[in-house]
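Asks: Here you go, one structure.
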Amino acid sequence: MKRYGVAFACIICFIFLLFCPPLLLLAAEDDTADAADAGSSSSQEEEPPLYRILCISSYSLSHATVPEMLSGIEEGLSGVPYEIDYEFMDSQNFYKREDVTSFYHYVAYKMKHHVAYDLVITCDDSALRFWKNNRNELFAKLPMIFVGVNSASDAATSAKLPSVTGVAEVPDYIGTLDLMHELFPDRTMVYAIVDGSVSGRGEYAQFREILKEYDELPCQLLLTDDYSTEGLKKALAHIPSDAMILYLDFMQDADGTTYSDVEASELLYENAIGIPIFRTTSPNIGYGVLGGKMYSYSAAGKTAGEMAADVLSGKKEISDIPLVADAVTEYIFDQVIMDEYGISEFDLPPNTTIVNPHRNPITFYKENPVQSNLILIIIAILFAITGILIVSNRQREMLVNTDFLTQIPNRHYIQARTSAVIARKQPFAILMMDIDHFKSINDTLGHATGDELLAGVASRLKGLSTRGVLFARIGGDEFMALITGRAMSTADQLCANVVKQVTQAYHLSTGELHVTTSVGLAAYPEHCSDPNSLNAYADSALYYVKEHGRNGYQIYSNQCSFIEPE
């Protein structure tokens with residue numbers, strides 16, 4: 229009956245929204261009139277000052293990153309009254325000396341004849357360099373906040389200047405490279421695409437520093453400025469079939485041809501056929517780029533806007549606001565390209581944003597509002613039923629994949645994840661553990677205390693989980709961990725941490741309790757050639773600990789008595 233009640237309530241809400249807009253408009257008019265009356269009565273109250281901001285963007289408004297960044301800035305400024313003027317250098321098309329000189333004269337004229345500004349915001353590298361080169365002549369004593377700067381050195385040195393702070397553009401190269409390796413373990417080379425622009429040089433400098441510490445995949449540079457348009461197409465066509473592309477920055481080639489983000493993405497996609505293209509910034513998803521761990525221009529802009537609001541309102545001194553040099557990222561992927569490579573959303577990290585998703589009734593409704601309104605009642609019923617089913621399915625999924633007592637993954641879920649890893653032919657490790665003498669605890673202290681202990685153990689294991697380490701309760705006092713990717717290199721330390729965490733005192737309702745644990749670990753293909761038998765090898769290592777005094781861990785070796793799986 230509750231489900232039918234929810235459906236009925238949804239239908240009533242839709243009908244109300246369809247047939248009662250006049251009532252809502254009348255109410256809004258009444259509120260406006262009341263607000264006007266209130267405003268007239270308080271007209272003598274002092275209004276807050278209107279802060280004037282000059283925002284200089286390196287590019288034009290048509291550049292894909294600019295609208296995202298500017299909307300973020302305005303969102304961050306929403307807490308203060310402001311008026312903002314935007315000036316666009318369009319450095320992608322006009323960045324010769326005479327172009328910059330002309331822009332200087334324009335800004336200088338405006339600064340001389342315009343009402344004084346309270347703060348300056350610069351967007352991207354070229355705008356920051358323009359400010360640095362002219363700060364004494366044009367912007368003396370004005371606080372300045374920068375955002376979207378690729379050059380780490382420019383960001384760091386600028387933030388040390390008086391009355392300056394900002395947000396550096398720090399893409400998560402490691403996160404994207406790790407994801408590339410995980411999705412395509414058989415591809416053995418990465419081609420980094422970059423140009424010689426100011427932002428391109430800055431981004432490549434950051435990437436080069438990362439490569440010094442990253443040895444999972446070899447990388448080769450493809451500098452677009454070294455190729456004519458046709459030469460670049462040929463170079464892309466000759467990229468080996470077992471490679472991947474990491475698109476860093478690409479706005480120009482040796483012929484002087486300039487490319488928008490969309491044009492650059494389409495050129496890469498159309499000529500590097502069969503080569504997955506990853507990106508660390510988001511503006512061109514949907515035009516051939518598969519995806520990646522993306523730098524969020526809107527989030528970075530919002531952070532810069534919030535900094536500006538704090539400075540203008542006097543909440544903070546600009547000298548007390550540190551440079552933000554952490555990666556501001558989110559996972560974004562294109563469903564169309566995912567389908568080309570057979571990638572499911574379940575292969576991607578949680579909370580991934582997917583553009584161009586498979587079509588459904590909701591997208592049809594948004595694109596066809598007139599036609600959809602004619603059958604609104606039917607759609608409302610379908611939505612209500614669909615909502616009930618979605619909730620029910622999620623609840624069932626939670627029940628199927630989660631251990632009820634400990635609220636961590638169960639045997640079914642971790643076995644499914646293990647099967648997926650085996651299907652991708654990736655190396656992995658299995659950790660098995662149980663609580664020593666757990667039956668005695670149940671018999672002497674009661675099952676309620678035993679359950680409380682299991683929940684406490686699960687909570688500590690959950691604290692040791694990472695992207696490459698998944699813990700699950702597989703039955704009784706038995707727990708299991710699936711270890712993949714870079715976490716395998718620290719599997720030995722993980723075993724030690726499990727023993728250390730689990731053996732610390734538990735403060736239960738019946739009092740303080742100390743337990744010990746036995747842990748066994750085995751890795752594929754290091755310890756066995758059949759990945760489906762790895763659980764048995766980990767069990768053998770666990771039993772070895774049991775037979776030699778418990779309270780410790782063992783990595784599988786020949787001294788462990790292997791027990792053939794049934």
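Per our numbering: the sequence shown = residues 229 to 794.
Note that beta-carbon positions come from the ideal geometry of N, C-alpha and C, so glycine has one too.
Because the structure is a prediction, the values reported are computed rather than measured.
1. From A261 to A387, what distance separates their C-alpha atoms?
2. Can you tell me whether DSSP reads F367 as helix, strand or coil?
3. Could you check if Q434 is buried or exposed, using at least 16 other CB atoms within 10 Å of its CB as the buried criterion?
4. Are the CB atoms of V375 and T531 nearer to each other than 9 angstroms?
5. Out of A482, M626, Q448, which has the shortest C-alpha to C-alpha gap to K461?
6. Report yes or no: do the segment 462 to 477 and the segment 426 to 433 share at least 3 C-beta pairs separated by less than 8 angstroms?
7. Where I402 and L439 are concerned, what is the direct C-alpha to C-alpha distance, given to the nearest angstrom?
8. Could you tell me the distance, in whole angstroms, from the CA atom of Y523 to the CA atom of I505?
9. Whether or not the segment 691 to 711 and the segment 723 to 731 are in contact is what I'm after, with contact meaning three or more pairs of Cβ atoms, one per stretch, closer than 8 angstroms; do they touch?
10. For L282, which residues does DSSP report across the bridge?
11. For H586, which residues from the same chain have a beta carbon less than 7 angstroms from its beta carbon, with the 5 sequence-adjacent residues on both sides left out?
12. Would you say the beta carbon of F358 is closer than 8 angstroms to some non-hydrogen atom of the ligand ATP?
13. Going by C-alpha to C-alpha distance, which of E680, A676, F574 sits closest to A648?
14. Look at the Cβ atom of C351, then the Cβ atom of L298, and state whether they are nearer than 9 angstroms.
15. Note down, in chain order, each residue of its chain lying with its Cβ closer than 6 angstroms to the Cβ of S493, except the 5 sequence neighbours on either side.
16. Quick one: Cα of N670 to Cα of L617, how far?
17. From this set, I467, F322, N378, S319, which residue's C-alpha is nearest R436's C-alpha?
18. Look at the alpha carbon of A368 and the alpha carbon of A553, and state the distance between them as a whole number of angstroms.
19. Taking the alpha carbon of P413 as the point to measure from, which residue in R280, S547, R714 has its own alpha carbon closest?
20. What did DSSP end up calling L254 once you bin it into helix, strand or coil?
21. Ordered along the chain, which non-local residues of its own chain (more than five positions away) have a Cβ less than 6 angstroms from that of D353?
22. Under 8 angstroms, with one C-beta from each stretch per pair, do the segment 670 to 681 and the segment 611 to 630 reach the 3-pair mark?
23. Rounding to the nearest angstrom, what Cα-Cα distance links V418 and E625 in this structure?
24. Going by alpha carbons, who is nearest to G519 out of A766, I473, Y332?
25. Quick check: A686 and F666, are their CB atoms within less than 9 angstroms of each other?
Replies: So, from the listed chains and residues:
1. Residue placement at A261 cannot be trusted, given a pLDDT of 46 that sits under 50; the coordinates are not used to answer.
2. coil
3. buried
4. yes
5. A482
6. yes
7. 9 angstroms
8. 16 angstroms
9. yes
10. D313, V348
11. Q563
12. Annotation note on the ligand ATP: not contained in the displayed structure, which lists no ligands.
13. F574
14. yes
15. N512, Y515, G516, V517
16. 40 angstroms
17. N378
18. 25 angstroms
19. R714
20. Any answer about L254 is weak, because its pLDDT of 41 lies below 50 and its placement is not dependable; what the coordinates show is given next. Three-state result, L254: helix.
21. V377, N378, S379, V426, S427, G430
22. no
23. 37 angstroms
24. I473
25. no
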